[in-house]
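**Q** Protein chains in written order, with my numbering: chain A, 1 to 477; chain B, 478 to 755; chain C, 756 to 1048.
Where is the CB? At the ideal position from N, CA and C, for every residue including glycine.
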Amino acid sequence: MFRRSGTIVAALAAGLLATAAPAMADFWSDAGAKYQGVTLHGVTESTPPSNYIKDVLAPAFEKATGIKVEIETTSWDQMYDKAIKDMEAKTGIYDMVYIEQDIIYAYLARDFLVDITKSLKDDPSLKAPDFDESRFTTFANYFKNADGDLFGIPMEAFIKLYLYRTDLFNDPAIKEAFKKETGKDLAPAKTHEDYTQIAEFFTKWGKDNGKEIWGSTAQAHTGHPASWYEFFESVAPTFGVYNWGIDASKNYAASVAEGGSMNSDKAKTALKWWLHLRDIAPPESAASTWTEVGTTFAAGRAAQGFVYGENAAWIASDAEKSKVVGNVGVALPPVEPGVMEEAEAGKGYIGYYDGGAFGLPVTSKNKEAALLFLQYIGQDSVQGDWAVAAPRITNTATYDDPKVIEMDKTLGGYYTMLKDQGKLFAGAPPYPFHAQVREATAPIFYRILTGEVGPDEGLDQMAAAAEAELKNLGYRK
Amino acid sequence: MRADRPYLTVLLWTLLSLLTLFPIYWLFVISVKPAVELFTTPSVLLDTVYWNNYVKVLNDSTLRRYMYNSIVISSGNALLVTTLAFMACYALSRFDLAGKENIFFWTITNRMAPAAVFLLPFFLLFTQVFVIGDWKLYDTKIGMILLYCTFNLPFAIWTLRPTIDAIPKELDEAATVDGASTWQVIREVIFPLARPGLAVTLILTWVFAWNEFLLAATLTSFNARTITTGLSEYVTTTGTEWGTMASIAIITLVPALIVFSVVQRQIVAGLTFGAVKE
Amino acid sequence: MRSNRVGWLLLAPTILILAVFGIVPFLYVLYVAFHQWNPFGANPNMIYNGADNFRRLVFDAEFLTSVWFTLKFAFFAVASEVALGYLLAQLFMKDSPGKGFFRTIHTLPLIVAPIVVGSVWRLMTTPSIGIIPYLLNDWFGYDLNIGRDATSAFVITVIMDIWHWTPLVTLTLLAALVSLPKEPFEQAQIDGANRWQIFWHVTLPMIRPAILATVFIRLMDALRTVDEVWMLTGGGPGAATRYVGLHIWKLVFPKTDYGYGSAISVIVLYLTLVMCWLLYVGLVARRDRKRPS
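#1: Distance, Cα to Cα, C:Leu1033 vs C:Phe971?
#2: Counting only Cβ-Cβ distances shorter than 9 Å, please list the residues of the region 287-311 of chain A near chain B, keeping chain order.
#3: Against A:Thr394, what residues of chain B qualify as contacts under a CB-to-CB distance less than 9 Å, listed in chain order?
#4: Counting Cβ pairs, one atom from each stretch, are 3 or more of them under 8 Å apart for the region 962-978 of chain C and the region 426-434 of chain A?
#5: Could you name the residues of the same chain whose beta carbon sits closer than 6 Å to that of A:Glu310, not counting the 5 residues immediately before and after it, in chain order?
#6: Taking all protein chains shown into account, do 16 or more other C-beta atoms lie within 10 angstroms of the C-beta of B:Val739, making it buried, or fewer, making it exposed?
#7: When the cut-off is 8 Å and only beta carbons count, does C:Leu808 lie next to chain A?
#8: With the cut-off set at 8 Å, would you say B:Phe632 and C:Tyr1035 are in Cβ contact?
#9: Can you tell which of C:Pro799, C:Ser934, C:Thr969 has its C-alpha closest to the C-alpha of C:Ala832?
#10: Using CA coordinates, which residue listed in A:Gly260, A:Trp244, A:Thr289, A:Glu176 is at the minimum distance from A:Ala218?
#11: Is there at least one Cβ from chain B nearer than 8 Å to C:Trp894's Cβ?
#12: Going straight from the alpha carbon of C:Leu929 to that of B:Leu624, what length do you get?
#13: Select from the region 853-878 of chain C all residues with a C-beta closer than 7 Å to any C-beta belonging to chain A, and list them in chain order.
#14: Taking Cβ positions, are A:Val97 and A:Val362 nearer each other than 8 Å?
#15: Using beta-carbon positions only, say whether A:Ser46 and B:Thr560 come within less than 8 Å of one another.
#16: I'd like to know if B:Gly620 contacts chain A, where contact means its C-beta is closer than 8 Å to some C-beta of that chain.
#17: To the nearest angstrom, how far is it from the Cα of A:Glu406 to the Cα of A:Ile99?
#18: Considering only residues of the same chain and omitting the five flanking positions on each side of C:Arg903, which have a CB-CB separation below 8 Å?
#19: For A:Pro154, which option in A:Ile444, A:Gly359, A:Thr117 has the closest C-alpha, if you only look at C-alpha atoms?
#20: When you compare the CB of A:Gln219 with every CB in chain D, is at least one pair closer than 8 Å?
#21: DSSP three-state call for A:Glu336: helix, strand or coil?
#22: Rounded to whole angstroms, what's the CA-CA distance from A:Ala197 to A:Ala187? Just pull it up for me.
#23: I'd like to know whether the C-beta atoms of B:Pro598 and C:Pro922 end up nearer to each other than 8 Å.
#24: Against chain B, which members of the region 55-80 of chain A pass a CB distance test of less than 7 Å?
#25: Helix, strand or coil for A:Arg301, going by three-state DSSP, please let me know.
#26: Would you kindly check if the distance between the Cβ of A:Ile71 and the Cβ of A:Lys54 is under 8 Å?
#27: Measuring straight from C-alpha to C-alpha, what distance separates A:Ser249 and B:Ala555?
#28: Near A:Ala253, which residues of its chain fall below 6 Å by C-beta distance, leaving aside the five closest residues on each side in sequence?
#29: Within 8 Å (strictly less), CB to CB, does A:Arg278 reach chain C?
#30: Would you check whether the ligand ZN has a heavy atom nearer than 7 Å to the C-beta of A:Ile174?
#31: Quick one: is A:Thr138 buried, meaning 16 or more other Cβ sit within 10 Å of its Cβ, or exposed?
#32: Taking only beta-carbon atoms, is B:Gly716 less than 8 Å away from chain A?
#33: Roughly how many angstroms separate the alpha carbons of A:Phe136 and B:Asn688, rounded to a whole number?
#34: Have a look at C:Phe940 and C:Thr927 and give me their C-alpha separation to the nearest angstrom.
#35: In the structure shown, what three-state DSSP assignment does A:Val38 receive?
#36: Where does the unbroken beta strand (DSSP E) through A:Tyr164 begin, and where does it stop?
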């Protein structure tokens, strides 16, 4: 990943300080003067964007304001558990918490977070001149309530893409063999049938030529929610099954009988399509989470696949971790007829828009100082270097940064796709019970993957389990 | 001791050691391979060695702090636990205390609890009960040293009790007749004879404290964070940094090995007292 | 007879610490177990629901399967560890060149953190590119895929546990063997007893308390295993390695089902306790019959 060595961090920090405009420096030191001696505590996951905050932005902020910032980075599960315990027990340990897009609705439902828009309106002296909510990309909308007030400063955003190997797709011998076998020209698939055909072709080609190459990746771990996510966030929507097949307007129905679509024919077709891909994917797919899918593709073991944007970036550009640098093409996922139109009309989506934000818990004891820090990391001026160090874009202006434009080329046009087609993708549905329903249904999903339960029957059981859990939680009346 | 066929014993040991060492060797292999090599056709032997992971890890001052915390917490806890357990076992073995067998059994029940659920009451205790002014037990080394007693004390009491029970009562009774105080009996009669047991207890409680993950992850954050918890930072949603994690794990073997080889001599010291013959 | 006050005084710190960090949290968990409580439910507060949680778990197939798999796992792992550990401890009693060196090597697995143990075994067993499936395929043409095959995954978790924890058994039994008095063995040899007779009639009765303690510790730790298995298989394939510790972890961490999770924990604690109590009573009773005092 784009984990910097110590010297790069120092250089970036120095560059940042040098480019900060003098007028801004005045605001930060004036605003910080009131909070001398305060130490802010944040908790986040140890991903590259967060590590950049910890290693570069926090020290820079401290230099500008005199407010000390300590960012604790930990694993994904731990981070949630610690943040939730702190906010639930009102201990006030953290002044900043990482909020992944899929948990925001749970936090908002519990009033865990401070309304940033309102707080800055109430106390204009805290408002930084270079901070403006309107400068964020539309991804920020996921962190707003019904009134349009912001509850989190976006700090990372990615889409899950269709990656393919340009070297293989452009190889004349392979193109000819493909044409001979299928009568079609080899090109990134637009439909599911095309995708399957290409996948089958490459798996067979690998076997015939004694090469360690397969036609597709599959994030199909049999005991980790990664597989569940790949199906509900990246596969089912391309078949027209949205929001996990749960219909909030119909009393959170999941089963077809009650008005949901989790076990609809479309969902069943989607699952069977994906299970077939899993069978012709590399053998490690049955034990693959997003980590292994990224590494499988980076090791050159798959001709095409669905990969999260944050991994797509290093696969395309980091020679220390990837064997396919310079050979990665990006495309939109293949879809069923009609789905693309629905996505363009805003009625559906074709894949997952993933990311997270920094929020301020209401239990924090240093809200004012924390607001300053949140604005600091939301400024346009810090975004360019951040995007280069950890490929993520949250402010519209960042797309035009020369360094980002330069990088877009090495990433096969990933940023351009994020900018122009990002609207076709969507974040997790607005459910306050995200993890609960996932965990209630995932065990059945794992059994589908091992073959203990058939896909049709399995989806029926999952729909029933989802409804039972929703009833148990009190959402389904 | 039978002195027959030592070469056979050595051969057997060598084979067993290879089996034991293989996963650790593999850990080393992972730590010196660039990430790109991890997901390709494997080979048992290393062709190139890549030290970048170590350079990165050794230059990280945060990890040095974690390491220091781990050493303080595990050593503090192991010493405390072994001392307390030694006292407790002596009491259970030599005094006629009412209900002592029940107390003995009760101690072990403290190790049975599945940790995940108990994190919540621990968290509340540490952040809302043990609080003096601005000071909290949360995120302190002393807090972790005390907390680790819940699973280490039962272990220590149960492994030490057979050792102390096996020391003939006549020995301390004789000493008492000679006018020795309880303290003198413990120090001069029991302690030397219990040395192998104490050494093993010390080692293993140290190991449990050193390896503990879930409690430390929840109840520490900046100041008292341990190296084992630090390792989990490399398991993220964007991927697990196997190489970095493996190199830290290899480095953490060093202090553990030092503690081990020092204390292990005490187990052998017990051979002067008695030995099994086959 | 010395004063019992000294005895209680020596025991007091242990009782105090275990009461504060053992009983108090347990009472809290017991209290929560009688409530419906999920902070992300429509009603995020604790709602008293009597014994509903307990009634629910009796019919919870997922939980019951998980208990069954855990028992199987604990049985195979602990039985192998004790047998193997005893043999190794006996081997360490023999004189051989480089004994200290071998002993150190043999204890190395103990100091590898569980989360790392899980990671190494995961990388070693990744289907098709881990070293173990690779060699198995190369030598025997056998395809090991722990993502697909439940039995393989189960066996690998057991082997991993044996690798990790046998040294603990060896060390505790070694300490016990080393502390044994010489005389009974010399006497037995004079009486012409063979190896097996010495083991059965002399060694075993004398180290039975140490074996019991070791079995207890290993058993309850095996029943609580989380980190290694979480890293290795995540509980899969399907529910094949979703052992009860991991099951509870999944209920409490991602699912935040504190009420039901507490009820299950209380029951698991209770089952462990009963199992250990039966073992304990069985072995103590036998000892009393043999050596009336």
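**A** On the basis of the data shown:
#1: By 1-based counting over the third sequence, the position of residue 1033 of chain C is 278. By 1-based counting over the third sequence, the position of residue 971 of chain C is 216. The alpha-carbon atoms of C:Leu1033 and C:Phe971 are separated by roughly 11 Å.
#2: Thr289, Trp290, Thr291, Glu292, Gly294, Thr295, Thr296, Ala298, Ala299, Gly300, Arg301, Tyr308, Glu310, Asn311
#3: Numbered from 1 along the first sequence, position 394 holds the residue referred to as residue 394 of chain A. Contact note: A:Thr394 does not reach chain B at a C-beta cutoff of 9 Å; the least C-beta distance is about 16 Å.
#4: no
#5: As a working note, residue 310 of chain A is residue 310 in the first sequence. If we look at A:Glu310 and ignore the five residues flanking it on each side, its Cβ neighbours are Phe158.
#6: Within the second sequence, numbered from 1, the residue matching residue 739 of chain B stands at position 262. Its Cβ having fewer than 16 others within 10 Å, B:Val739 is exposed.
#7: For the purposes of this step, residue 808 of chain C is identified with residue 53 of the third sequence, where counting begins at 1. In the sequence under discussion, the amino acid at residue 808 of chain C is Asn, which differs from the Leu named in the question. C:Asn808 does not count as touching chain A.
#8: Position 155 of the second sequence, counting from 1, holds the residue named residue 632 of chain B. Position 280 of the third sequence, counting from 1, holds the residue named residue 1035 of chain C. Taking 8 Å as the Cβ cut-off, B:Phe632 and C:Tyr1035 do not qualify as a contacting pair.
#9: By one-based count along the third sequence, residue 832 of chain C stands at place 77. Closest by alpha carbon: C:Thr969.
#10: On the first sequence, position 218 is the one that residue 218 of chain A refers to. Ranking the options by Cα distance to A:Ala218, first place goes to A:Thr289.
#11: The residue you call residue 894 of chain C lines up with position 139 of the third sequence. For C:Trp894, the answer is no, since every Cβ of chain B falls outside 8 Å of its Cβ.
#12: Counting from 1 along the third sequence, the entry for residue 929 of chain C is found at position 174. Counting from 1 along the second sequence, the entry for residue 624 of chain B is found at position 147. So the two alpha carbons sit approximately 28 Å from each other.
#13: none
#14: Walking along the first sequence from the start, residue 97 of chain A turns up at place 97. Walking along the first sequence from the start, residue 362 of chain A turns up at place 362. No, they are not a contact pair.
#15: On the first sequence, position 46 is the one that residue 46 of chain A refers to. On the second sequence, position 83 is the one that residue 560 of chain B refers to. Cβ atoms of A:Ser46 and B:Thr560: not closer than 8 Å.
#16: Along the second sequence, one-based indexing puts residue 620 of chain B at 143. Not closer than 8 Å to any Cβ of chain A, the Cβ of B:Gly620 fails to qualify, so no.
#17: As a first step, residue 406 of chain A is located in the first sequence; it is residue number 406 there, counting from the start. As a first step, residue 99 of chain A is located in the first sequence; it is residue number 99 there, counting from the start. Between A:Glu406 and A:Ile99, the C-alpha separation is close to 30 Å.
#18: Here residue 903 of chain C corresponds to residue number 148 of the third sequence, with the count starting at 1. Only Pro882, Pro992 meet the Cβ criterion.
#19: If you number the first sequence from 1, residue 154 of chain A lands on position 154. Out of A:Ile444, A:Gly359, A:Thr117, A:Gly359 has the C-alpha closest to the C-alpha of A:Pro154.
#20: Absence of chain D from the displayed structure is noted, the protein chains being A, B and C.
#21: Indexing the first sequence from 1 puts residue 336 of chain A at position 336. Three-state DSSP puts A:Glu336 in coil, outside helix and strand.
#22: Along the first sequence, read from residue 1 onward, the residue named residue 197 of chain A stands at position 197. Along the first sequence, read from residue 1 onward, the residue named residue 187 of chain A stands at position 187. Per the sequence shown, the amino acid found at residue 197 of chain A is Gln instead of Ala. Rounded to the nearest angstrom, the two C-alpha atoms are 11 Å apart.
#23: In the second sequence, residue 598 of chain B corresponds to position 121, counting from 1. In the third sequence, residue 922 of chain C corresponds to position 167, counting from 1. With contacts defined by Cβ atoms closer than 8 Å, B:Pro598 and C:Pro922 do not form a contacting pair.
#24: Glu70, Glu72, Thr73, Thr74, Ser75, Trp76, Gln78
#25: On the first sequence, position 301 is the one that residue 301 of chain A refers to. Reduced to three states, the DSSP call for A:Arg301 is coil.
#26: Locating residue 54 of chain A in the first sequence gives position 54, counting from the first residue. Locating residue 71 of chain A in the first sequence gives position 71, counting from the first residue. Taking C-beta atoms as the reference points, A:Lys54 and A:Ile71 count as a pair closer than 8 Å.
#27: Reading the first sequence from its first residue, position 249 is the one you call residue 249 of chain A. Reading the second sequence from its first residue, position 78 is the one you call residue 555 of chain B. The alpha-carbon atoms of A:Ser249 and B:Ala555 are separated by roughly 58 Å.
#28: Within the first sequence, numbered from 1, the residue matching residue 253 of chain A stands at position 253. For A:Ala253, where only same-chain residues beyond five positions count, the Cβ hits under 6 Å are Asp247, Gly259, Gly260.
#29: Counting from 1 along the first sequence, the entry for residue 278 of chain A is found at position 278. No, A:Arg278 lies away from the interface with chain C (no Cβ there is under 8 Å from its Cβ).
#30: You won't find the ligand ZN in this model; it holds no ligand whatsoever.
#31: Here residue 138 of chain A refers to the residue found at position 138 when the first sequence is read from its first residue. When all chains shown are included, A:Thr138 counts as exposed.
#32: For the purposes of this step, residue 716 of chain B is taken as the residue at position 239 of the second sequence. Interface residue, yes.
#33: Numbered from 1 along the first sequence, position 136 holds the residue referred to as residue 136 of chain A. Numbered from 1 along the second sequence, position 211 holds the residue referred to as residue 688 of chain B. Taken atom to atom, the span from the alpha-carbon of A:Phe136 to that of B:Asn688 is near 43 Å.
#34: Within the third sequence, numbered from 1, the residue matching residue 940 of chain C stands at position 185. Within the third sequence, numbered from 1, the residue matching residue 927 of chain C stands at position 172. C:Phe940 and C:Thr927: Cα-Cα distance of roughly 20 Å.
#35: Within the first sequence, residue 38 of chain A is the residue found at index 38, counting from 1. A:Val38: coil per DSSP, three-state reduction.
#36: Sequence index remark: in the first sequence, residue 164 of chain A carries index 164 (1-based). From DSSP, the beta strand (DSSP E) with A:Tyr164 extends over 153-165.
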